[in-house]
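Q:
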Amino acid sequence: VKTIKSRVGVTLVTLSNASLFDTSDKRVVGGSERQMRYVADALISEKIPFTVLSSNIPSTGGNIDLGIELVNAWNQDDSIIKKIFLLYKAVKNSRNCLYIRGVSAANLAVALFGKLSKKRITLGTTSDLHCAKTGSFWTDLERRLLFTLSSNLLCQTKEQAELIKENFGCHSRVFKNVINPSRLGNLEILPKFNEREIDVIWIGNLDPRKGPERLIKIARASGSCRFVVIGGAIPDQEEFAKKIRVNIDKLRNVSMLGAIQPQNIGSFLSKSKLLISTSQAIHRGLTKEGFPNIFLEAWHFGVPVISMNSNPDGLLNSNQLGKVCATTEEATSYIAKITSNRSEWENISLAAREYASSRNVLQPNVRKSLIAEIVG
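Here's what the structure looks like:
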């Protein structure tokens, strides 16, 4: 792809959230934003110039990293026409490699304007759902166009790559998520099995798609185990979150901590024996997850994962990093088994830490291969 040489480097496009780059941005951080931050860390380590392109950044400013060029594409009060014009201008003036994550109308606009400006566009997928057809003509067209306009389409798993090929006829490459332990409260010495006071931890938004009701059933059936729930409500789901909190408060063995900033997650994972994921299949057996960041973060702290649906490329089975439990009864049984079996837990914990180490963006081979995907 021919690129404009006047702005060498990478532009990271994170239009919905810049809070990991600017302290004045208080929007909720998700897995996609954390991956974008890890890409920035890799670029910093390799001394590759980059710009962060976002929107609606408060004018007060609070740049976390001195020297990072942070560009605000538009403000909330701007009209749609003005936003489109400002976005085109920002993309045209951006560096020659664009990196975007996720499927959205805004990212489609970025890809279109990037193509017109002869930029290299790398799109990273964020959800299995985005790799399948919905039955809606316009939604499916948006996805097909975005995949087609991308110079390099990066999937989190082989399963996503196969879905995109099957549903949209587009070629993609697989690059699994990375992690930067220094942003999770990196600990040199992790607590041992008997020192971990949390038996099971659940981390996520209180969203119906995350299946917190199943967690409540499992916790109720595991009365001798201590559970910790971390997560808050998302827009339009406040009533659902309120009901979940009321039901959790009825359980003596469950502590509800609310939302926790990503940099503080490590202090809780390091005290946990197991992480449980209760995300539900939403469409054609697919969940909103892709390669859940929280799996990688848990594995870094030596925490085996119980998952009721997500199993990226079968890692839970092939690498023995935990277990897929299809039912609440199966999950309850596995919790009882692992939380009382030090030897088995230690074997899984060691394998988990080894796998997470292989995706550590601070490792030169990992960050170099990541950057190669973006800059070509």
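The numbering used here applies: residue 5 is where the sequence shown begins, and numbers increase by one. Ideal placement from N, C-alpha and C gives every residue a C-beta, glycine not left out. Source: prediction; values computed, not measured.
1) Where does Trp-78 sit, in a helix, a strand or coil, going by DSSP?
2) Give me, in chain order, the residues of the same chain whose beta-carbon lies closer than 6 Å to that of Ile-130; leave out the 5 immediate sequence neighbours on both sides.
3) What does the alpha-carbon distance come out to for the pair Phe-89 and Leu-74?
4) So the alpha helix (DSSP H) Val-114 belongs to, where does it begin and stop?
5) For Ser-373, count neighbouring Cβ atoms within 10 angstroms of its own Cβ and tell me buried if that reaches 16, exposed if not.
6) Assuming Gly-235 contacts Met-312 under a Cβ cut-off of 8 Å, what Cβ separation, rounded to an integer in Å, is found between them?
7) Out of Pro-185, Arg-177, Thr-152 and Leu-255, which one is the CA nearest neighbour of Gln-160?
8) Given 8 Å as the limit, is there contact between the stretch 308 to 325 and the stretch 337 to 355, that is, 3 or more CB pairs closer than that?
9) Is the CB-CB distance between Ser-276 and Arg-200 below 7 Å?
10) Count Cβ pairs between the stretch 160 to 176 and the stretch 186 to 196 that sit closer than 8 Å; are there 3 or more?
11) Quick one, which of Leu-47, Ser-58, Ala-44 and Ile-48 has its alpha-carbon nearest Arg-31's?
12) Kindly identify the DSSP beta-bridge partner or partners of Met-260.
13) Between Arg-148, Glu-350, Ala-115 and Leu-325, which has its C-alpha nearest Glu-170's C-alpha?
14) For Arg-124, report the span of its beta strand (DSSP E) as first-last.
15) Between Asp-29 and Ile-61, is the Cβ-Cβ spacing less than 7 Å?
A: On the basis of the coordinates in this document:
1) Assigned with DSSP and collapsed to three states, Trp-78 falls in coil, not helix or strand.
2) What sits at residue 130 in the sequence shown is Thr, not Ile. For Thr-130, the CB contacts under 6 Å within the same chain, skipping 5 residues up- and downstream, are Ser-36, Arg-105, Gly-106 and Gly-294 in chain order.
3) Each residue's alpha carbon lies about 19 Å from the other.
4) Taken as a continuous stretch (DSSP letters only), the alpha helix (DSSP H) holding Val-114 covers 109 to 120.
5) By the 10 Å Cβ count, Ser-373 comes out exposed.
6) Not quite, the Cβ-Cβ distance comes to about 16 Å (not below 8 Å), so this is no contact.
7) Selection Pro-185, Arg-177, Thr-152 and Leu-255 evaluated against Gln-160 yields Arg-177 as nearest (Cα-Cα).
8) Yes, they touch.
9) If you check the CB distance, Ser-276 and Arg-200 come in under 7 Å.
10) Counting Cβ pairs under 8 Å, fewer than three are found: no touch.
11) Ranked by how close their Cα comes to the Cα of Arg-31, the residues Leu-47, Ser-58, Ala-44 and Ile-48 have Ser-58 in first place.
12) Bridge partners of Met-260: Val-233.
13) Considering only alpha carbons, the answer is Arg-148.
14) Segment 124 to 128, the beta strand (DSSP E) holding Arg-124.
15) Taking 7 Å as the Cβ cut-off, Asp-29 and Ile-61 qualify as a contacting pair.
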